[in-house]
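> Residue numbers for the sequence shown, in this note's numbering: 7 to 552.
Even glycine gets a Cβ: it sits at the ideal position worked out from N, Cα and C.
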Amino acid sequence: MSIIRIIAGHYIANWLTTGPLRVIFDPRGKNRKTRSERLRLIIEDLGPTFIKFGQIIADRPDIASEGLRMELKKLQSSARPMPDDIAMQIIENEIGASIETVFSEFNEDHIASASIAQVYQARLHTGERVVLKVQRPNIRNKIRLDIKLLQIFAQKIQNQYPEISNFNLIKFIEDFGDIMLKELDFMNELSNMMRFTHMFKEDDRVYVPKIYSKYSTSKLLIMEYVEGEAPDNLANLVSKGFDPKIIAENGINVILTMILKHGFFHADPHSGNMFIRGNNQLVLIDFGMCASLKPKQIDGLIDFLIGFADNNPHKIAKALLKLTEVENFRDMESLEFEINELTLKYTYYSYDEVDISGLFTDTFKLLMKYGITIPSSLYMLLKTLVTIQKVAESLHVKLDLIAMVKPYAKDKIKERFGWKNIKSKIINSAEDYLYLVETLPKDIKAIITSFKHEGLRHNIKLGEEGNTIGNTEIRRHIYRFGAIVLLGVLLICATLLKVYNVKTVIYNSKGEPFMGKIFGNFPDVFFVTTVIISVFVVLRLMFRAK
Numbered sequence: 007m008s009i010i011r012i013i014a015g016h017y018i019a020n021w022l023t024t025g026p027l028r029v030i031f032d033p034r035g036k037n038r039k040t041r042s043e044r045l046r047l048i049i050e051d052l053g054p055t056f057i058k059f060g061q062i063i064a065d066r067p068d069i070a071s072e073g074l075r076m077e078l079k080k081l082q083s084s085a086r087p088m089p090d091d092i093a094m095q096i097i098e099n100e101i102g103a104s105i106e107t108v109f110s111e112f113n114e115d116h117i118a119s120a121s122i123a124q125v126y127q128a129r130l131h132t133g134e135r136v137v138l139k140v141q142r143p144n145i146r147n148k149i150r151l152d153i154k155l156l157q158i159f160a161q162k163i164q165n166q167y168p169e170i171s172n173f174n175l176i177k178f179i180e181d182f183g184d185i186m187l188k189e190l191d192f193m194n195e196l197s198n199m200m201r202f203t204h205m206f207k208e209d210d211r212v213y214v215p216k217i218y219s220k221y222s223t224s225k226l227l228i229m230e231y232v233e234g235e236a237p238d239n240l241a242n243l244v245s246k247g248f249d250p251k252i253i254a255e256n257g258i259n260v261i262l263t264m265i266l267k268h269g270f271f272h273a274d275p276h277s278g279n280m281f282i283r284g285n286n287q288l289v290l291i292d293f294g295m296c297a298s299l300k301p302k303q304i305d306g307l308i309d310f311l312i313g314f315a316d317n318n319p320h321k322i323a324k325a326l327l328k329l330t331e332v333e334n335f336r337d338m339e340s341l342e343f344e345i346n347e348l349t350l351k352y353t354y355y356s357y358d359e360v361d362i363s364g365l366f367t368d369t370f371k372l373l374m375k376y377g378i379t380i381p382s383s384l385y386m387l388l389k390t391l392v393t394i395q396k397v398a399e400s401l402h403v404k405l406d407l408i409a410m411v412k413p414y415a416k417d418k419i420k421e422r423f424g425w426k427n428i429k430s431k432i433i434n435s436a437e438d439y440l441y442l443v444e445t446l447p448k449d450i451k452a453i454i455t456s457f458k459h460e461g462l463r464h465n466i467k468l469g470e471e472g473n474t475i476g477n478t479e480i481r482r483h484i485y486r487f488g489a490i491v492l493l494g495v496l497l498i499c500a501t502l503l504k505v506y507n508v509k510t511v512i513y514n515s516k517g518e519p520f521m522g523k524i525f526g527n528f529p530d531v532f533f534v535t536t537v538i539i540s541v542f543v544v545l546r547l548m549f550r551a552k
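Encoded structure:
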């Protein structure tokens with residue numbers, strides 16, 4: 007009911023400012039909103055699930071227009087704070103003890119409030135300062151219900167507008183639901199943080215706060231309190247002795263290390279999720295949204311950037327097909343031509359002036375033109391690159407991303423053709439062949455035994471659901487098809503006889519016209535009868551199809 011109330015309220019407000027009554031309620035048009043603005047305001051009122059949904063759509067050029075995407079980028083995840091006493095109760099329930107038992111100090115006033123969780127500061131009895139991330143009560147049930155409603159809407163839209171079948175809206179909602187439910191499980195975020203800690207344990211450019219897994223649960227996350235400066239306040243950073251260029255280089259190198267070396271990256275590295283501290287070190291927080299790339303996709307991404315640097319359309323096209331995991335693409339020549347036209351758009355820019363987000367967005371639009379589906383992980387990758395590029399721009403630093411990619415490309419090429427990788431492939435292939443040698447005789451024996459007892463049987467699967475059609479049904483369809491073809495031939499013959507007005511009269515034994523007296527000429531009878539039968543058959547087929 008709340009969803010209906012919110013949508014109805016916005017609809018009434020829009021009608022009052024744009025309808026016949028606007029001369030009374032909004033004569034100067036100050037409260038008039040564009041369609042994109044109205045949609046953003048509705049999403050903000052609908053709550054955290056829809057806000058997160060809108061934020062993800064804002065990074066998907068295949069779903070929303072540019073104007074709508076720019077409007078949805080204004081969506082904020084802030085929310086009305088929950089009462090602090092309720093948060094205290096949740097904390098005690100999750101740690102299984104009173105707050106005084108675990109913490110020597112505890113600030114009962116929250117320091118931040120987001121749509122999913124609320125944040126508090128405390129100090130352990132060991133003296134360590136910590137931050138507590140507390141999940142809002144009943145938020146999981148609310149988000150599950152919202153996702154279910156989105157799935158119902160998606161199913162209705164997909165049924166009513168089959169022309170959007172190239173974009174699988176239902177699958178997109180399922181992926182979105184998985185992302186949201188993972189964010190709700192703080193143990194998943196804890197696991198991500200531990201994984202990143204291991205990835206960068208010997209890298210001084212980045213720091214991941216320590217996790218206190220002893221007290222953390224799926225609804226409560228306790229981590230080290232880290233002090234630092236916001237990366238988007240250039241004047242403050244310079245006044246405190248930080249170097250913006252080193253900060254930008256560290257940030258991009260850290261992201262490239264995640265993506266190109268480990269294939270596992272922070273998918274939301276905006277300025278609110280990072281701090282800068284001593285020695286220009288980057289501190290990352292909020293690891294609820296992360297994504298992975300397959301080794302094949304990492305190779306494809308490197309080849310794409312190197313192909314772009316070398317202005318090699320063939321290399322770029324192959325890299326894009328590798329990124330999207332498309333095989334046996336038939337229109338390679340046309341794709342390469344359009345890629346060449348696209349690269350010419352960026353030819354006259356120096357590499358430090360190239361808008362990476364624009365390059366990827368234009369490329370994805372080109373792939374969609376050829377009906378190629380873009381995996382959701384690549385959109386998350388695009389979001390990460392765009393976000394870190396914006397952080398660099400806020401520091402007034404221009405960096406040559408292509409040049410920064412090359413060392414990672416060299417390492418990947420060495421790894422790809424290194425003895426360790428080749429030996430691993432040889433061993434894996436040998437194991438596959440050994441397995442084949444062991445199982446092939448058994449499989450052949452099973453096939454021969456089955457053939458002896460049951461004969462050769464086969465099924466043909468047709469349609470999206472893989473419906474199985476047996477021999478009897480195939481034979482029935484063939485007979486039906488033959489009858490329809492024969493009826494069509496008869497209808498053509500009858501029409502020709504009628505058009506050319508052929509007179510055919512059948513006489514009886516006395517030499518008198520037999521058909522003419524009762525039915526008329528034979529072609530007339532033949533034509534009328536064939537038409538009646540054809541109409542009957544068509545109607546029957548239509549009803550059977552329904």
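1) What is the rounded straight-line gap between the Cα of residue 154 and the Cα of residue 382?
2) May I have a chain-ordered list of the alpha helix (DSSP H) segments no shorter than 4 residues that lie completely inside the stretch 213-270?
3) What residue does the beta strand (DSSP E) around residue 280 start on, and which one ends it?
4) Could you tell me whether the stretch 324-336 touches the stretch 346-366, using the rule of 3 or more Cβ pairs below 8 Å?
5) On the DSSP bridge assignment, give the partners of residue 287 in chain order.
6) What first and last residue would you give for the beta strand (DSSP E) that runs through residue 139?
7) Taking the runs of the alpha helix (DSSP H) that are 4 residues or longer, which of them lie wholly in the stretch 43-105?
8) Which stretch, first to last residue, makes up the alpha helix (DSSP H) that contains residue 202?
9) Go ahead and pull the three-state DSSP assignment for residue 125.
10) Give me whichever residues DSSP pairs with residue 298 in a beta bridge.
11) Alpha carbon to alpha carbon, how far is residue 112 from residue 133? Give it in angstroms, no decimals.
12) Could you please give me the residues that DSSP links to residue 119 through a beta bridge?
13) Pop quiz: residue 192 and residue 139 are said to be a contact at Cβ under 8 Å. What is the actual Cβ separation, rounded to whole angstroms?
14) Is the CB-CB distance between residue 325 and residue 408 below 9 Å?
15) Drop a sphere of 10 angstroms on the beta-carbon of residue 58, count the other beta-carbons inside from all chains shown, and report buried for 16 or more, exposed for fewer.
16) Between residue 198 and the rest of its own chain, which residues show a CB-CB distance below 6 Å, the 5 nearest in sequence each way excluded?
17) To the nearest angstrom, how far is it from the Cα of residue 344 to the Cα of residue 56?
18) Compare the Cα-Cα distances from residue 305 to each of 262, 342, 287 and 289 and report the closest residue.
19) Within the chosen definition, does the stretch 387-400 reach the stretch 259-276 through at least 3 CB pairs nearer than 8 Å?
20) Whole angstroms are fine: how far does the CA of residue 268 sit from the CA of residue 205?
21) Suppose you measure from the CA of residue 128 to the CA of residue 106; what does that come to, to the nearest Å?
22) Under the DSSP definition of a beta bridge, which residues are partnered with residue 112?
23) Distance, Cα to Cα, residue 531 vs residue 493?
24) What three-state label does DSSP hand residue 377 in the structure shown?
25) Can you give the Cα-Cα distance for residue 373 and residue 379, rounded to whole angstroms?
26) Touch check for the stretch 184-191 and the stretch 203-217: three-plus C-beta pairs under 8 Å?
27) Within this structure, are the beta carbons of residue 45 and residue 78 separated by less than 9 Å?
28) Looking at the unbroken alpha helix (DSSP H) that takes in residue 351, where does it start and where does it end?
29) Skipping 5 residues on each side, what residues in its chain have a beta carbon closer than 8 Å to that of residue 311?
30) With DSSP run on the structure shown, which of helix, strand or coil describes residue 403?
31) Going straight from the alpha carbon of residue 208 to that of residue 158, what length do you get?
32) Less than 9 Å between the beta carbons of residue 329 and residue 388, yes or no?
33) Tell me the DSSP secondary structure of residue 331 in three-state form.
34) Does residue 49 pass the burial test, meaning 16 or more other C-beta atoms within 10 Å, or should it be called exposed?
35) Got a sec? Which residues, its chain only, sit under 7 Å from residue 104 by beta carbon, not counting five neighbours each side?
36) Identify, in the order they occur along the chain, each residue of the same chain with its Cβ nearer than 7 Å to the Cβ of residue 405, setting aside the five sequence neighbours on each side.
If we stick to the structure as given:
1) Residue numbering aside, residue 154 sits at position 148 when the sequence shown is read from its first letter. Residue numbering aside, residue 382 sits at position 376 when the sequence shown is read from its first letter. Each residue's alpha carbon lies about 20 Å from the other.
2) 240-245 and 250-262
3) On the sequence shown, residue 280 is found 274 positions in, with the first residue counted as 1. Residue 280 -> beta strand (DSSP E) spans 280-283.
4) no
5) Here residue 287 refers to the residue found at position 281 of the sequence shown. DSSP output for residue 287 lists 283 as bridge partner(s).
6) The residue labelled residue 139 in the question sits at position 133 within the sequence shown. Counting along the chain, the beta strand (DSSP E) containing residue 139 begins and ends at 135-141.
7) 54-63, 72-78 and 90-101
8) In the sequence shown, the residue the question calls residue 202 occupies position 196. Here the alpha helix (DSSP H) through residue 202 covers 192-205.
9) Stepping through the sequence shown from its first residue, residue 125 is reached at position 119. Strand at residue 125.
10) Indexing the sequence shown from 1 puts residue 298 at position 292. Answer is 270, bridged to residue 298.
11) Residue 133 sits at position 127 when you count from the first residue of the sequence shown. Residue 112 sits at position 106 when you count from the first residue of the sequence shown. Taking the straight line from one Cα to the other gives about 12 Å.
12) Translated into positions along the sequence shown, residue 119 becomes position 113. Answer is 124, bridged to residue 119.
13) Looking up residue 192 in the sequence shown gives position 186. Looking up residue 139 in the sequence shown gives position 133. Their Cβ separation, rounded to whole angstroms, is 7 Å, which keeps residue 192 and residue 139 in contact under 8 Å.
14) Here residue 325 refers to the residue found at position 319 when the sequence shown is read from its first residue. Here residue 408 refers to the residue found at position 402 when the sequence shown is read from its first residue. In this structure, residue 408 does not lie closer than 9 Å to residue 325 by Cβ.
15) In the sequence shown, the residue the question calls residue 58 occupies position 52. Buried: at least 16 other Cβ atoms inside 10 Å.
16) Position 192 of the sequence shown, counted from the start, is the residue given in the question as residue 198. Excluding sequence neighbours, residue 198 sits near 293 and 296.
17) Translated into the one-based positions of the sequence shown, residue 344 becomes position 338. Translated into the one-based positions of the sequence shown, residue 56 becomes position 50. Taking the straight line from one Cα to the other gives about 36 Å.
18) Here residue 305 corresponds to residue number 299 of the sequence shown, with the count starting at 1. When each option's Cα is compared against that of residue 305, the closest is 262.
19) yes
20) In the sequence shown, counting from the first residue as 1, residue 205 sits at position 199. In the sequence shown, counting from the first residue as 1, residue 268 sits at position 262. Residue 205 and residue 268: Cα-Cα distance of roughly 8 Å.
21) For the purposes of this step, residue 128 is taken as residue 122 along the sequence shown, with counting starting at 1. For the purposes of this step, residue 106 is taken as residue 100 along the sequence shown, with counting starting at 1. Going by the C-alpha atoms only, they are around 11 Å apart.
22) Here residue 112 refers to the residue found at position 106 when the sequence shown is read from its first residue. DSSP output for residue 112 lists 128 as bridge partner(s).
23) Here residue 531 refers to the residue found at position 525 of the sequence shown. Here residue 493 refers to the residue found at position 487 of the sequence shown. Rounded to whole angstroms, residue 531 to residue 493 spans 15 Å at the Cα level.
24) The residue given as residue 377 occupies position 371 in the sequence shown. Residue 377 falls in the coil class under three-state DSSP.
25) Counting from 1 along the sequence shown, the entry for residue 373 is found at position 367. Counting from 1 along the sequence shown, the entry for residue 379 is found at position 373. Residue 373 and residue 379: Cα-Cα distance of roughly 8 Å.
26) no
27) As a position in the sequence shown, residue 45 is number 39, starting the count at 1. As a position in the sequence shown, residue 78 is number 72, starting the count at 1. Against a cut-off of 9 Å, the Cβ pair of residue 78 and residue 45 comes out as a contact.
28) In the sequence shown, counting from the first residue as 1, residue 351 sits at position 345. Where residue 351 is concerned, the enclosing alpha helix (DSSP H) stretches over 338-351.
29) If you number the sequence shown from 1, residue 311 lands on position 305. The answer, listed in chain order, is 407, 408, 411 and 415.
30) Numbered from 1 along the sequence shown, position 397 holds the residue referred to as residue 403. It is coil, neither helix nor strand.
31) The residue labelled residue 208 in the question sits at position 202 within the sequence shown. The residue labelled residue 158 in the question sits at position 152 within the sequence shown. Each residue's alpha carbon lies about 48 Å from the other.
32) Residue 329 sits at position 323 when you count from the first residue of the sequence shown. Residue 388 sits at position 382 when you count from the first residue of the sequence shown. Their beta carbons are not under 9 Å apart, which means residue 329 does not touch residue 388 by this criterion.
33) Here residue 331 refers to the residue found at position 325 of the sequence shown. Of the three classes helix, strand and coil, the one that applies to residue 331 here is coil, per DSSP.
34) Residue mapping note: residue 49 aligns to position 43 of the sequence shown, counting from 1. The residue is buried, with at least 16 neighbouring Cβ atoms inside 10 Å.
35) Numbered from its first residue, the sequence shown carries residue 104 at position 98. The residues are 98.
36) Stepping through the sequence shown from its first residue, residue 405 is reached at position 399. Within the same chain, residue 405 has close Cβ partners 254, 255, 258, 358 and 398.
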